[in-house]
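Here the protein sequences come in this chain order: A and B.
Residues 1 to 547 (my numbering) make up the first sequence, in order.
Residues 1001 to 1047 (my numbering) make up the second sequence, in order.
Structure record follows, encoded as structure tokens.
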Amino acid sequence: MSNTTESWGSRVGLILAMAGNAVGLGNFLRFPVQAVQNGGGTFIIPYLVSFLLMGIPLLWVEWAMGRFGGRFGDHSTPFILDNMTHKRFWKYFGVFGIFTNMGVMAYYTYIESWTLTYTLKSLKGDFLGMDLDALDSFFNGYVDLGSGINFPVWALLAFLVTLTINIYILSRGLSAGIEKVAKIAMPLLIGFGAFLAIMSWTTGSTGRCEDCSTFVGLNFLWEPDFTTLANPKIWLAAAGQIFFTLSVGMGTIHCYSSYLKQKDDIALNAMSAGWMNGFVEIVLGSAVVIPIAVGYLGLDWVVDNAGFMMAFKTMPFLFDQWGSVLAVIAGVAWFGLLFFAGITSSLAMGTPWMGFVQDEFGWSKNRSAILLGIAILAMGLPTILFFEKGVFDEYDYWTGTVSLVIFALAEVILFAWVFGMDKGWKEITDGADMKVPRIYRPIIKYVTPLFIGIIFLTSLFKPLNGELSDWSKAFNSLFSGQGWPWANDSIINQIFHINTGVQWVADGHFTNMFYVDMSRFFLLACFFALVAMVKVASNRRKQNASS
Amino acid sequence: MTTSALIMIILTQGTVLGVTIYFFRKVLKTPAKSEPDSFRENDTDPR
């Protein structure tokens, strides 16, 4: 435990930092794509139900766990969890709450550096007049690991600059660093998003093709198809989106709220930050990428190409259609918005490490931040150097997807069943500035663990295609002795490469699978290095207690 | 745009915007807890 003097400057600053932690690139890039692929306007129904039954309970649970741990001077999940049970397992399980953040920060900072580069290039007008092919070539050249002149030196340099900015802000501490940035970045982000949304809503028909209209795009996103509500795939997609958009299951919320005193509210703060994230995602996030792309490229193009990379490979071309002045303004607003969304999240990801090493080893803020920078640089380099080998996606899969679900499932079971709902409910409602509906007591105990458990199990054993009918086909296949038809992205298939077999070398060269598996071992080594640090910290505590 | 899409947009975005404003306003209107609380800026004796 620590004698930290860290604290938040103001309640609004804390809420903006928490909202900034949640608001990320996914609000503008993942949400609209998920909606398009999962029932359009109907997607919002399972999305909101998932928010009420899984998102809000997890927010309250994590805020409550964090504030509870802070009472004992602990600001990272290993010892926050330890305080709740004193069972050795949970202390080491809590490593997920540091590891996940470092793993995600390693590749997230890299994307953040793209947005910084693209903001500066938009400001210079470098994208003016570029068509889609030119933008595609530019991006591929930027991240390509060729040889000689193709070496991604600018990508590497931008990554280093972005990382340095993050480390400097983290070294300034909570109120002078993170909170100050959130107070500037969040209003700017909302302002930029509102500007782009208004541009989208007012563009209408562009005449470039028969259905080229932003209204067609909005209609495509929002027209409900209620027959899709019976499809569990839509519900899983919505639940997954809620999970990732709120940044639950990471350990950052615990860390931020651990600097709160017991008498201070967490219930209303959690609602305010959570709904602010919802506003950015549902109102602003849905208004930009898809409608503007449909407005200039048509519906068919968007259906075929909707995805994360549209942000970099498509948006500058679309802005260019508004004329050079507006193209520069919109480009700066778009990439600036993504940069702010990124940095408020990556700063949050750095705090569990900062809290841990300051608490346990008494390191100064500067030393903690510099060592974090070195660790993130070491973890991030493989994602840059072997980006096209699939290492980046591998990091995202394990640290940004699977780890989150595992940690959230475990923490809600710990909170509701091990720590106990009586104590847990008291933690949530203590100092609350709002009446917490009592219905959430059984929801936290039964519904939320079930919800996350279903997400985890279906991801673990996902059959080919993953539709409802594919599950019954899979069981038939299993019982008739033909085995389980694994989806390529099921966790089991990812671990054992069942569908493809292990092939590290082909035609005398290392395959992508080799690089992917090496990055996996590297991440595993990082996880166990953190476990070792927790073990050392634990021994130090025992020595201090006995002396 | 179809009527059903328009209804979905207005209902959803209106609700989300309304709830966000409601909670944020409640945060701003709620008086601060007595000192010592968790926030540095309202301290009478700044640390």
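Don't be surprised by glycine CBs; every beta carbon is placed ideally from N, CA and C.
Review point. Tell me, which residues are paired with G40 (chain A) by DSSP?
Key: Looking up residue 40 (chain A) in the first sequence gives position 40. BP columns for G40 (chain A) point to A:P224.
**Study point:** Proximity test, Cβ basis, 9 Å: E223 (chain A) and chain B
**Key:** On the first sequence, residue 223 (chain A) is found 223 positions in, with the first residue counted as 1. For E223 (chain A), the answer is yes, since a Cβ of chain B falls inside 9 Å of its Cβ.
**Study point:** Residues of the segment 253-285 of chain A whose Cβ lies closer than 8 Å to any Cβ of chain B, in chain order
**Key:** Y259, L260, K261, K263, D264, D265, L268, N269, M271, S272, W275, M276, G278, F279, I282, V283
Check your understanding: List, in order along the chain, the chain A residues whose C-beta lies closer than 7 Å to that of E1041 (chain B)?
Key -> Here residue 1041 (chain B) corresponds to residue number 41 of the second sequence, with the count starting at 1. Near E1041 (chain B) (Cβ distances below 7 Å), the residues of chain A are G9, S10.
Practice item. Taking only the alpha-carbon atoms, compute the straight-line gap between L372 (chain A) and L59 (chain A) and give it to the nearest angstrom. Key: Position 372 of the first sequence, counted from the start, is the residue given in the question as residue 372 (chain A). Position 59 of the first sequence, counted from the start, is the residue given in the question as residue 59 (chain A). Cα-Cα distance, rounded: 26 Å.
Check your understanding: What are the residues that DSSP puts in a beta bridge with S213 (chain A)?
Key -> Indexing the first sequence from 1 puts residue 213 (chain A) at position 213. Looking at the DSSP output, S213 (chain A) sits in a beta bridge with A:S205.
Review point. By the criterion of Cβ-Cβ separation under 7 Å, what are the contact partners of F215 (chain A) in chain B?
Key: As a working note, residue 215 (chain A) is residue 215 in the first sequence. Contact note: F215 (chain A) reaches chain B through M1001, using a C-beta cutoff of 7 Å and chain order.
Review point. Are S272 (chain A) and E394 (chain A) touching if we call contact CB-CB under 9 Å?
Key: By 1-based counting over the first sequence, the position of residue 272 (chain A) is 272. By 1-based counting over the first sequence, the position of residue 394 (chain A) is 394. No, Cβ-Cβ distance for S272 (chain A) and E394 (chain A) is not below 9 Å.
Exercise for review: Can you give me the Cβ contacts of S265 (chain A) inside the same chain, cut-off strictly under 7 Å, excluding the 5 residues immediately before and after it?
Suggested key: Along the first sequence, one-based indexing puts residue 265 (chain A) at 265. Checking the sequence, you will find Asp at residue 265 (chain A) rather than Ser. Result list for D265 (chain A): G431, A432, D433, in chain order.
Point to revise | Helix, strand or coil at F386 (chain A) [DSSP, three-state] | key: Within the first sequence, the letter at position 386 stands for residue 386 (chain A). Three-state DSSP puts F386 (chain A) in coil, outside helix and strand.
Review point. With distances taken between CB atoms, is the gap from G483 (chain A) to S477 (chain A) smaller than 9 Å?
Key: Taking the first sequence and counting its residues from 1, the one referred to as residue 483 (chain A) is at position 483. Taking the first sequence and counting its residues from 1, the one referred to as residue 477 (chain A) is at position 477. Going by beta carbons, G483 (chain A) and S477 (chain A) fall inside the 9 Å limit.
Check your understanding: Hey, F356 (chain A) and H75 (chain A): beta-carbon distance below 9 Å or not?
Key -> Taking the first sequence and counting its residues from 1, one reaches residue 356 (chain A) at position 356. Taking the first sequence and counting its residues from 1, one reaches residue 75 (chain A) at position 75. Their beta carbons are under 9 Å apart, which means F356 (chain A) touches H75 (chain A) by this criterion.
Review point. What does I44 (chain A) touch in chain B if you count any residue whose Cβ is under 8 Å from its own?
Key: Residue 44 (chain A) sits at position 44 when you count from the first residue of the first sequence. Per Cβ cutoff of 8 Å: M1008, T1012.
Review point. Would a check of beta-carbon distances place N512 (chain A) closer than 9 Å to chain B?
Key: In the first sequence, counting from the first residue as 1, residue 512 (chain A) sits at position 512. For N512 (chain A), the answer is no, since every Cβ of chain B falls outside 9 Å of its Cβ.
Check your understanding: In this structure, does DSSP put A506 (chain A) in helix, strand or coil?
Key -> Against the first sequence, residue 506 (chain A) aligns to sequence position 506. DSSP places A506 (chain A) in strand when its eight states are reduced to three.
Review point. Is the segment 32-46 of chain A touching the segment 305-314 of chain A in the sense that three or more CB pairs, one from each, lie closer than 8 Å?
Key: Three or more beta-carbon pairs drawn from the segment 305-314 of chain A and the segment 32-46 of chain A are found closer than 8 Å, and the two stretches are therefore classed as touching.
Review point. Which word fits D82 (chain A), buried or exposed, when buried means at least 16 other C-beta atoms lie within 10 angstroms of its C-beta?
Key: By 1-based counting over the first sequence, the position of residue 82 (chain A) is 82. Classification of D82 (chain A): buried, given that the 10 Å Cβ count is 16 or more.
Practice item. Kindly list, in the order they appear in chain B, the residues whose Cβ is closer than 8 Å to that of N219 (chain A). Key: Within the first sequence, the letter at position 219 stands for residue 219 (chain A). The contacting residues are M1001, T1002, A1005.
Review point. Any residues in the segment 414-440 of chain A with a beta carbon nearer than 9 Å to a beta carbon of chain B? Which ones, in chain order?
Key: G431, D433, M434
Practice item. Starting from the beta carbon of S175 (chain A), find every residue of chain B whose beta carbon is closer than 9 Å, and list them in chain order. Key: Here residue 175 (chain A) corresponds to residue number 175 of the first sequence, with the count starting at 1. Residues of chain B passing the Cβ test: F1039, R1040, E1041.
Check your understanding: Does any residue of chain B bring its CB to less than 9 Å from the CB of G41 (chain A)?
Key -> Counted from its first residue, the first sequence places residue 41 (chain A) at position 41. Answer yes: the Cβ-Cβ gap between G41 (chain A) and chain B drops below 9 Å somewhere.
Exercise for review: Can you tell me the Cβ-Cβ gap for V324 (chain A) and R67 (chain A), rounded? I've got them flagged as a contact below 8 Å.
Suggested key: In the first sequence, the residue the question calls residue 324 (chain A) occupies position 324. In the first sequence, the residue the question calls residue 67 (chain A) occupies position 67. Checking the sequence shown, residue 324 (chain A) turns out to be Ser, not Val. Their Cβ separation, rounded to whole angstroms, is 51 Å, which puts S324 (chain A) and R67 (chain A) out of contact at 8 Å.
Check your understanding: Is L196 (chain A) near the ligand MN, in the sense that its beta carbon is under 8 Å from a heavy atom of that ligand?
Key -> The ligand MN is not part of this structure, which contains no ligands at all.
Review point. Who are the neighbours of I15 (chain A) on chain B, taking C-beta pairs under 8 Å?
Key: On the first sequence, position 15 is the one that residue 15 (chain A) refers to. Near I15 (chain A) (Cβ distances below 8 Å), the residues of chain B are F1024, V1027.
Point to revise | Identity of the residues DSSP links to P463 (chain A) by a beta bridge | key: Taking the first sequence and counting its residues from 1, one reaches residue 463 (chain A) at position 463. Paired residue(s): A:W486.
Review point. Hey, quick one: how far does the alpha helix (DSSP H) through S519 (chain A) stretch, first residue to last?
Key: Indexing the first sequence from 1 puts residue 519 (chain A) at position 519. Looking at the DSSP string, the run of the alpha helix (DSSP H) that includes S519 (chain A) is 512-546.
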